[in-house]
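S.K.:
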Amino acid sequence: MDFSYDDEQNALRQAVSGLLGRAYDGEKRRAVVAADPGFDEKTWAGLAEMGLLGLPFAEERGGAGAGQVEVAIVAEEIGRVLAPEPYVQAVVLTGGLIDAVATDAQCDELVAGLAEGSLVPAFAHAEPGTRWSTAAAGVRAVEEGGTWRLTGVKEPVPNGARADVLVVSAIDEAAGGATRLFVVRADAEGLTRVGYRTHDGTRAAKVELAGTPAEPLGEGADDRTAAIERAQALARIAYAHESIGAMATALTTTTEYLRTRKQFGVTLNKFQALTFRAADMYVSLELARSTALWASLVAGAGGDVVTAADRARLQTSRAGRHIGKDAIQLHGGIGVTAEYTVGHYTSRLTAIDHVLGDGDWALDRLAATVGDHETVDPLGAPYT
Amino acid sequence: MDFSYDDEQNALRQAVSGLLGRAYDGEKRRAVVAADPGFDEKTWAGLAEMGLLGLPFAEERGGAGAGQVEVAIVAEEIGRVLAPEPYVQAVVLTGGLIDAVATDAQCDELVAGLAEGSLVPAFAHAEPGTRWSTAAAGVRAVEEGGTWRLTGVKEPVPNGARADVLVVSAIDEAAGGATRLFVVRADAEGLTRVGYRTHDGTRAAKVELAGTPAEPLGEGADDRTAAIERAQALARIAYAHESIGAMATALTTTTEYLRTRKQFGVTLNKFQALTFRAADMYVSLELARSTALWASLVAGAGGDVVTAADRARLQTSRAGRHIGKDAIQLHGGIGVTAEYTVGHYTSRLTAIDHVLGDGDWALDRLAATVGDHETVDPLGAPYT
Amino acid sequence: MRLQLSPEDEAFRQEMRTFFTTKVPQATRDAVAARRDVGREQYVETQRILNAAGLAVPHWPVEWGGRDWTPLQRHIWREEMQLACVPEPLAFNTSMIGPVIAAFGDDAQKQRFLPATANLDIWWCQGFSEPDAGSDLASLRTTAVREGDEYVVNGQKTWTTLGQYADWIFCLVRTDPTAEKKQRGISMLVFPMDTPGVTLRPIELIDGGFEVNEVFFEDVRVPAEYLIGEENRGWDYAKFLLGNERAGIARVGATKRLLADAKQLATEVRADGRPLSEDPRMAARIAELENELLALELTALRVVAHSTDGKPHPASSVLKLRGSELQQAATELIVDIAGPLSLASFAGEDSQVPEWARAATPEYLNYRKVTIYGGSNEVQRTIIAGTILGL
Amino acid sequence: MRLQLSPEDEAFRQEMRTFFTTKVPQATRDAVAARRDVGREQYVETQRILNAAGLAVPHWPVEWGGRDWTPLQRHIWREEMQLACVPEPLAFNTSMIGPVIAAFGDDAQKQRFLPATANLDIWWCQGFSEPDAGSDLASLRTTAVREGDEYVVNGQKTWTTLGQYADWIFCLVRTDPTAEKKQRGISMLVFPMDTPGVTLRPIELIDGGFEVNEVFFEDVRVPAEYLIGEENRGWDYAKFLLGNERAGIARVGATKRLLADAKQLATEVRADGRPLSEDPRMAARIAELENELLALELTALRVVAHSTDGKPHPASSVLKLRGSELQQAATELIVDIAGPLSLASFAGEDSQVPEWARAATPEYLNYRKVTIYGGSNEVQRTIIAGTILGL
């Protein structure tokens with residue numbers, strides 16, 4: 001057991017932090033998120049150049065063959081400066097799904113394109129009638145004369161308008177109602193995408209498919225919910241780290257404010273009720289950090305990544321709400337303005353909390369199996 | 001709508017407070033609860049003399065014909081000094097059940113005896129296999145040759161060893177498994193009672209019935225769970241007031257301690273983190289007080305007393321835990337000693353919380369019907 | 001003690017309920033119900049309807065439109081208004097500057113301002129907070145120097161809510177910088193927002209909306225007749241103003257509406273094949289919130305019953321503290337009911353995500369303000385600990 | 001980074017697990033499991049078994065019985081001990097006075113005390129707190145005046161845990177009342193509890209048990225050779241002692257046992273005709289607590305991994321703070337599972353209420369202490385805010 005970063009990992013963190021720190025110091029983020037596509041294409045290219053967009057994929061597929069801990073480092077640095085680049089969505093979730101399911105030929109195009117920065121994929125999965133499900137519901141896939149066509153609406157689809165290629169989940173009635181995955185090109189006929197800004201400055205879209213031609217992802221007509229579950233679990237873990245980065249900045253921003261802001265003739269850190277709340281924020285942060293880190297290690301060790309991801313999600317959801325709320329409260333009025341940074345952290349934490357299942361959702365899943373084990377051994381089965 | 005006490009009510013409070021204040025100032029309570037029966041027979045007689053033991057019963061039955069608010073005043077003053085006399089158990093719960101169900105002849109003996117202080121009744125209802133139920137489970141009632149006989153175990157029975165007469169709930173298989181009520185005399189054959197001290201200084205007992213002769217309470221073979229439900233609801237409301245009294249003293253004891261105890265050269269009320277916690281305790285207390293008071297008024301107005309009692313119980317359970325815990329914490333080490341008073345308040349609040357359903361239990365019942373109304377109107381149906 | 005309303009109060013409640021649900025335009029009430037922004041015109045139109053019926057400023061002196069109601073009647077009036085989704089009369093006019101002018105203004109000021117204030121012919125905004133004087137209001141630095149018949153005002157105010165709609169501003173300014181206690185050198189001035197030297201800068205909030213502003217004063221010349229009351233007594237007037245009409249701060253009616261909406265929405269959203277409302281933990285969460293709101297409402301009624309002497313009851317702080325927490329809890333609940341749909345926050349009308357789900361998170365974020373403004377909850381705890389508990 | 005234990009550590013864990021579950025008498029472990037009081041004899045017997053196997057004082061210097069283990073090994077040792085319901089070696093001996101004597105005592109003291117301390121031949125108790133010096137330890141007033149070869153001690157200590165079992169006491173006393181900083185005039189003395197002038201008064205706790213005491217000193221004559229280290233440097237030794245061996249304070253293993261018990265008990269208690277464990281809100285409550293405990297355990301492992309320099313990691317305060325809260329939450333959970341049965345708290349053996357349910361509330365009440373002792377949680381928050389966050 002070893003919870004310390006090695007030299008290479010520290011170097012990676014420094015490199016990512018350098019790139020993103022330059023890209024988003026001061027007011028730059030507000031300008032970037034004000035205009036479509038809601039992130040900076042140059043920074044995206046920079047991430048690609050550094051090899052970060054192919055980080056988790058095998059070298060023979062154009063990736064770097066790195067582990068979960070490396071992905072976690074990037075996600076944490078993304079969170080630290082609220083970089084709006086869709087790293088977790090494009091690389092971990094969509095890229096991970098492609099990598100797990102696609103044919104070699106598809107990977108040659110899609111994974112390699114993602115890794116080199118030339119192709120941004122998005123996963124069109126959520127539907128207005130579903131709730132953090134692994135299955136599709138209203139979108140249908142039908143084969144006619146050798147061509148698969150999709151019909152229905154996906155929304156909200158993170159980065160759905162900007163994406164160069166969409167991975168779309170759909171019900172195949174011919175395969176017994178299985179949820180299958182398809183690749184839809186940006187220029188496909190019958191594809192309508194209406195993008196919009198979301199509260200955290202990123203982008204989502206309504207994606208309408210009207211007999212839109214699509215290519216099955218991978219071979220066979222298998223139900224893909226297990227692959228979706230696993231990719232979502234890895235994305236939850238990466239998001240946990242993005243949250244940790246955001247919480248860490250929210251906390252340091254708050255403590256800095258308490259040290260410098262004066263009220264009633266003294267700096268705010270003279271008020272014990274406030275400093276104690278900051279201490280409680282630190283406790284929440286460190287406990288969440290431990291859990292997120294552990295979940296990454298479980299993924300690397302080949303353990304039960306789905307349960308580990310639920311555990312990380314529950315802990316970071318609770319911590320994110322606690323820290324997000326109190327960071328604003330301890331700032332007072334300035335905390336709710338868009339001109340000051342701390343509120344954006346709260347906004348982003350709230351978005352992450354709702355993107356792939358919130359804390360109560362994860363808790364429901366954990367509660368359903370709480371009787372199956374006597375105690376939790378983080379270093380033993382089923383996690384290692 | 002009027003939430004203020006009238007002159008008579010204020011006089012009642014003063015009288016009760018005078019009696020109990022004299023009985024339990026200083027160390028007197030510790031001496032009283034150290035010896036059986038766990039309360040002071042003289043104080044009980046004093047309560048009877050003042051007419052408090054017959055407060056809610058009709059004058060023609062030997063009572064005072066007073067309302068729920070008067071009962072609440074007595075209960076609150078009981079709580080304020082932690083008087084160990086079983087007022088809510090004997091008068092509100094057991095007495096209320098007798099008053100609601102018994103024949104006139106039974107009332108002439110039992111209610112009158114209770115009111116004049118000569119007879120302490122107890123309700124033997126809980127069984128090791130039940131959980132805050134209105135029904136009996138393991139204790140059976142069988143009629144043989146005109147004599148009813150009860151068999152089974154009741155435990156824990158509050159004041160079960162001291163009681164002069166027991167009201168026992170039992171299953172009558174001949175009446176389709178109905179829960180019926182019976183009167184069992186202290187000297188009945190086959191009755192074994194083993195009393196013990198409980199953590200809050202009061203007494204409970206294991207009551208074993210082995211073919212014990214018993215007299216049906218009231219006429220007819222009706223199932224009595226509705227009457228039990230109602231009597232329990234009124235007892236929950238009275239307990240809510242007893243809790244309010246206890247919380248109020250726990251809070252004033254705490255604020256007094258913060259004002260006088262010195263640490264690091266200053267009194268504790270100079271530490272904002274501590275005074276803010278005291279402020280939060282006050283908020284909990286006042287919100288609980290409002291709910292308890294309202295529930296008493298609902299009972300008086302003939303409204304849905306069962307739901308109102310659940311609402312009062314939920315609110316006082318949460319407040320009691322909050323105040324009980326923080327009162328000790330703000331005291332530090334002295335708070336966990338039996339030689340200082342505040343811990344006893346926490347102990348008593350914990351006992352009350354578990355005697356007729358705890359906060360989560362009440363919340364489950366409220367949650368089951370939360371969809372039945374759009375909003376709660378405390379001044380409208382079904383509460384008035 | 002009596003639970004029921006008296007027949008008179010019951011009739012009063014019915015009268016209010018009928019008025020609010022029939023006389024205020026449905027479109028305006030729908031906008032409030034859907035938690036859409038209400039525009040300046042809708043505010044003005046509503047307040048004029050209320051004022052015409054004597055329902056805009058019932059707590060003012062009778063000669064200026066007040067109604068001499070009991071505290072309970074005022075409470076019922078306000079709660080019914082919130083339950084009916086009626087935009088409340090503008091607080092800056094009716095609860096703040098109006099009562100101050102009625103109490104401390106001279107006759108000319110009363111004649112000139114009070115009718116127009118009640119009718120929202122003048123839209124007032126507040127100039128109290130400054131960038132370096134938030135909760136510590138007495139540290140304000142905006143100066144007013146007397147020059148002949150005028151004051152010359154220089155400085156900066158912030159958190160001026162709806163200043164973009166305002167015709168006039170009421171301001172705290174420092175008129176005696178040499179006063180020993182910093183509270184003693186403060187005065188209250190009023191002047192039009194279009195006076196030369198006044199500029200306004202809107203502040204974007206984290207929900208993307210604009211409701212507060214910075215207001216800058218550069219050699220603003222204000223006629224001395226716009227001084228309210230006496231010079232250097234502005235602190236007293238500010239305290240009077242801030243302590244005034246605390247009864248409404250619990251916002252029970254508004255939170256009741258949020259909760260009622262949440263309940264309905266939870267029946268519409270499906271999770272794992274059944275309505276979310278049937279999830280035991282969601283049902284318990286709603287039921288607990290509903291019970292806490294009941295406790296708050298009952299506490300408000302107790303406070304109302306004991307505030308006949310006109311002074312704010314010390315437990316008012318409980319109402320602000322808990323009322324703001326419950327407002328926030330209700331908006332958080334709605335975000336969680338929306339779940340993944342909450343991510344479509346700024347989608348357009350053609351979105352398949354319902355409007356309420358799109359509005360949920362921006363509203364949740366916006367509501368972070370309610371534990372900060374109107375005396376932050378830290379200030380309320382200080383009041384409770386000091387004034388009530390003697391700590 | 002690596003999740004798995006190394007093969008050596010895995011083998012070490014197995015070795016510990018096997019030892020604790022086979023070499024410590026079952027009756028003693030059953031008593032701990034049932035949360036009954038463990039008597040003096042069982043403590044002594046257990047510690048001697050551990051000491052004979054080199055498992056009582058592994059963190060001491062090797063020459064006095066220490067093992068030179070890694071921090072992780074010490075962590076595993078302690079957690080496995082708690083999981084196996086083994087009474088831990090007496091902290092006053094092994095974590096407090098032992099390390100102080102090993103670090104600051106003279107050779108004679110080491111020879112005389114350390115082996116007997118490791119083997120619990122001497123049972124030590126602590127004389128630090130005083131009635132008017134709780135968290136503010138440096139204000140202590142017990143005096144020791146040098147007279148020839150002796151110190152004469154007068155004063156009073158309190159919160160002396162298990163003093164009723166103790167052979168010796170280690171005390172902080174004021175030897176220089178004129179010192180400018182009150183911390184500077186303090187020394188550490190040790191002496192037998194049966195020295196003339198020492199009296200002990202047990203303090204009853206709210207659970208009815210006796211575990212702490214007041215200790216009074218009236219002209220107690222202590223040979224000067226019982227001074228530990230240098231005169232007037234006692235504060236340094238106390239700080240060393242209190243900072244020592246923070247790794248165990250999370251008590252994860254013990255809370256794991258409580259939670260595992262709670263889960264089992266919830267399957268045995270029936271509510272509304274089904275096991276309480278199947279109630280969705282009860283299951284969620286347990287699962288959330290379990291997840292919080294996991295987070296705490298992982299944090300303890302992170303701290304362990306970074307404490308090779310021997311100094312307590314600043315995040316140790318997180319472990320104490322959260323660890324004590326979770327212990328309390330687990331005992332509260334068990335009371336709530338017991339529900340109405342919890343009211344039979346002091347029933348006898350013939351009760352039909354199971355023993356665990358009778359013990360539940362007294363234990364819950366007793367556990368209120370864990371957020372108070374060992375540096376109250378307010379002290380821990382002060383440390384986090386000051387040392388870690390720089391506030």
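Protein chains in written order, with the UniProt record's numbering: chain W, 1 to 384; chain H, 1 to 384; chain Z, 1 to 391; chain A, 1 to 391. We put the CB at the ideal spot given by N, CA and C, even for glycine. Source: prediction; values computed, not measured.
Taking only beta-carbon positions, decide if arginine 381(A) is within less than 8 Å of chain W.
M.R.: Interface residue, yes.
S.K.: At a cut of 8 Å, does the segment 215 to 231 of chain W reach the segment 283 to 298 of chain W through at least three beta carbon pairs?
M.R.: They do not touch, by the three-pair rule.
S.K.: Put tyrosine 340(W) into one of helix, strand or coil per three-state DSSP.
M.R.: It is coil, neither helix nor strand.
S.K.: Going by beta carbon distance, what residues of the same chain come within less than 6 Å of alanine 137(W), once the five residues before and after it are set aside?
M.R.: For alanine 137(W), where only same-chain residues beyond five positions count, the Cβ hits under 6 Å are Glu127, Gly129 and Thr130.
S.K.: Pull up the DSSP beta-bridge partners for tryptophan 69(A), would you.
M.R.: Per DSSP, none; premise fails for tryptophan 69(A).
S.K.: Buried or exposed for serine 4(W), going by 16 or more other Cβ atoms inside 10 Å?
M.R.: The residue in question, serine 4(W), is exposed, as its Cβ has fewer than 16 Cβ neighbours within 10 Å.
S.K.: Output needed for tyrosine 282(W): all residues of its chain with C-beta closer than 7 Å, excluding positions within five of it in sequence on either side, in chain order.
M.R.: Cβ neighbours of tyrosine 282(W) beyond the five flanking positions: Leu251.
S.K.: Along the segment 268 to 298 of chain W, where does the CB come closer than 7 Å to a CB of chain H? Name the residues.
M.R.: Per Cβ criterion, the list reads Phe271, Gln272, Ala273 and Phe276.
S.K.: Of the choices Asp350(Z), Gly65(Z), Glu79(Z) and Pro71(Z), whose alpha-carbon is the least far from that of glycine 98(Z)?
M.R.: Out of Asp350(Z), Gly65(Z), Glu79(Z) and Pro71(Z), Gly65(Z) has the C-alpha closest to the C-alpha of glycine 98(Z).
S.K.: Can you give the beta carbon distance from valine 57(A) to proline 89(A), rounded, assuming they're within the 8 Å contact cut?
M.R.: Right, their Cβ atoms sit about 7 Å apart.
S.K.: Which chain W residues sit within Cβ distance under 8 Å of glycine 348(Z)?
M.R.: Here the neighbours are Val194 and Tyr196.
S.K.: Could you check the C-alpha separation between arginine 184(Z) and isoleucine 383(Z) for me, to the nearest Å?
M.R.: Cα-Cα distance, rounded: 22 Å.
S.K.: Cα-Cα, which of Tyr24(H), Asp25(H), Arg29(H) and Ser17(H) is closest to methionine 50(H)?
M.R.: That would be Ser17(H), whose Cα lies nearest to the Cα of methionine 50(H).
S.K.: Could you pull the DSSP bridge partners for proline 216(W) from this structure?
M.R.: BP columns for proline 216(W) point to Phe182(W).
S.K.: Are residue 392(Z) and asparagine 119(Z) closer than 8 Å when you measure CB to CB?
M.R.: For chain Z, the structure presents residues 1 to 391; residue 392(Z) sits outside this window and is missing.
S.K.: Please state the DSSP three-state secondary structure of phenylalanine 216(Z).
M.R.: Phenylalanine 216(Z): strand per DSSP, three-state reduction.
S.K.: Give the secondary structure of aspartate 304(H) by DSSP, where H, G and I count as helix, E and B as strand, and everything else as coil.
M.R.: Residue state, collapsed to three classes: coil.
S.K.: Mind checking lysine 256(A): buried by the 16 CB within 10 Å criterion, or exposed?
M.R.: It counts as buried.
S.K.: Quick check on arginine 281(A) - is its C-beta less than 8 Å from some C-beta in chain Z?
M.R.: Yes, contact with chain Z.
S.K.: How would you label histidine 199(H), buried or exposed, when you count the other beta carbons within 10 angstroms and need 16 or more for buried?
M.R.: Flag for histidine 199(H) reads buried.
S.K.: Any idea what DSSP makes of glutamate 143(H), helix, strand or coil?
M.R.: Strand, per DSSP.
S.K.: Answer yes or no: does any C-beta atom of chain Z fall closer than 8 Å to that of arginine 259(H)?
M.R.: It does; some Cβ of chain Z falls within 8 Å.
S.K.: Round the Cβ separation of valine 207(H) and lysine 154(H) to the nearest angstrom and send it over; I've been treating them as touching at under 8 Å.
M.R.: About 4 Å; that satisfies the 8 Å criterion.
S.K.: Specify the secondary structure class of threonine 316(H) as computed by DSSP and reduced to three states.
M.R.: DSSP places threonine 316(H) in helix when its eight states are reduced to three.
S.K.: Residue range of the alpha helix (DSSP H) that tyrosine 239(H) falls in?
M.R.: Unbroken alpha helix (DSSP H) run through tyrosine 239(H): 225 to 260.
S.K.: Identify the continuous beta strand (DSSP E) that holds alanine 124(W) and give its terminal residues.
M.R.: That run of the beta strand (DSSP E) goes 121 to 124.
S.K.: Any idea what DSSP makes of lysine 181(A), helix, strand or coil?
M.R.: Residue state, collapsed to three classes: coil.
S.K.: With 16 as the cutoff for other CB atoms within 10 Å, does residue 392(Z) come out buried or exposed?
M.R.: Absent from the model: residue 392(Z). The displayed extent of chain Z is 1 to 391, so no value can be given.
S.K.: Would you check if the distance between the CB atom of alanine 349(H) and the CB atom of serine 243(H) is smaller than 8 Å?
M.R.: The sequence shown places leucine at residue 349(H), not alanine. For leucine 349(H) and serine 243(H), yes; Cβs fall inside 8 Å.
S.K.: Do glycine 127(A) and cysteine 171(A) come within 8 Å of each other at the CB atom, strictly closer than that value?
M.R.: Yes; because the gap between Cβ atoms is below 8 Å, this pair is in contact.
S.K.: Could you tell me the distance, in whole angstroms, from the CA atom of glycine 46(W) to the CA atom of glutamate 70(W)?
M.R.: So the alpha carbons of these two residues sit roughly 17 Å apart.
S.K.: So if I threshold CB-CB distances at 9 Å, which residues from the segment 255 to 288 of chain A count as touching chain Z?
M.R.: Residues passing the 9 Å Cβ filter: Asp279, Pro280, Arg281 and Ala284.
S.K.: Roughly how far, in whole angstroms, is the beta-carbon of alanine 385(A) from the beta-carbon of alanine 279(W), given that I think they are within contact range, below 8 Å?
M.R.: The pair is a contact, with the Cβ atoms about 5 Å apart (cut-off 8 Å).
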